[in-house]
Ligand code: ADP
Ligand code: MG
């Protein structure tokens, strides 16, 4: 469907994205400038100001690094990779963050999962985004289950991230992949947009099944090469 966009539609989509990016970057910049002006007036260096400024710089850095993923790398490295290994990596990476919230991440991997022709770092980014969202959706102790399996009917590798978090109402589900859509105070609203872009580059799909107060299941489907 992306390929079917008319020129005019593409320009307007680009315009919307540009407006969103400009807005998201201007906010922390305005705040940084304000604090600098304050310090110049007072001619003192206030630790509190520095702290706010540092967190605004961190936010800018996060926004830019997420947007950079959208830019095409010079050398696209598609390789046959074992998704289970990437998933295990991501679970290990996010273990500490989960434990801090009394969340356990468990896995149920299909042992004989076929390899997928993919860009490993992009896949890793997608799985990190999903598991992070699950961790962030859980206010109470609980568990996240990461599943991998092969679907012989469609010849696809299927990855599921199943959480016991707060879930989402139906109308939110239609918005979550919009750039900069977030319900979190410190969210960027870019994780899912970037993830969808990556998965569509790999000719795969992402779907969500969510119930408010119960939890969310994200399912990623990847075709074999
Ligand atoms: P961010 O995490 O920065 O908010 P994302 O694009 O990753 O941006 O997610 C967009 C929004 O989708 C989140 O703010 C949240 O409202 C919703 N969301 C995503 N994953 C989940 C989940 N597992 N459970 C509940 N809500 C979710
Ligand atoms: Mg996110």
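Numbering (UniProt numbering), first residue to last: 962 to 1186.
By construction, the Cβ of each residue, glycine as well, lies at the ideal position given by its N, Cα and C atoms.
Since this is a predicted model, take the numbers as computed values, not measurements.
Asked                                                                                                                                                   : Found
Just the C-alpha distance for residue 1090 and residue 1000, rounded to the nearest angstrom, thanks.                                                   : 37 Å
Could you round the C-beta distance between residue 1159 and residue 1069 to whole angstroms and report it? I think they count as a contact, below 8 Å. : With 8 Å as the limit, residue 1159 and residue 1069 do not qualify as a contact, their Cβ atoms being about 23 Å apart.
Rounded to whole angstroms, what is the Cα-Cα separation between residue 962 and residue 1147?                                                          : Because the pLDDT of residue 962 is 46, which lies under 50, any placement of that residue in the model is unreliable, and the question is left without a value.
Given a cut-off of 8 Å, decide if residue 1098 and residue 1177 are closer than it, judged by their beta-carbon atoms.                                  : yes
Measuring straight from C-alpha to C-alpha, what distance separates residue 1165 and residue 1010?                                                      : 45 Å
Using the C-alpha atoms, what's the distance from residue 1037 back to residue 1111?                                                                    : 25 Å
Say the cut is 7 Å; is the CB of residue 1110 nearer than that to a heavy atom of the ligand MG?                                                        : no
Roughly how many whole angstroms lie between the Cα atoms of residue 992 and residue 1024?                                                              : 16 Å
Anyone know if the C-beta pair for residue 1119 and residue 1182 falls short of 8 Å?                                                                    : yes
Have a look at 1144, 1161 and 1140 and flag the residue whose alpha-carbon is nearest the alpha-carbon of residue 1027.                                 : 1140
Less than 7 Å separating the Cβ of residue 1095 from some heavy atom of the ligand ADP?                                                                 : yes
Compute the Euclidean distance between the alpha carbons of residue 1048 and residue 978, then round it to the nearest angstrom.                        : 30 Å
What residue range does the beta strand (DSSP E) around residue 1065 cover?                                                                             : 1064-1070
Hey, would you say the C-beta of residue 1142 is under 7 Å away from at least one heavy atom of the ligand ADP?                                         : yes
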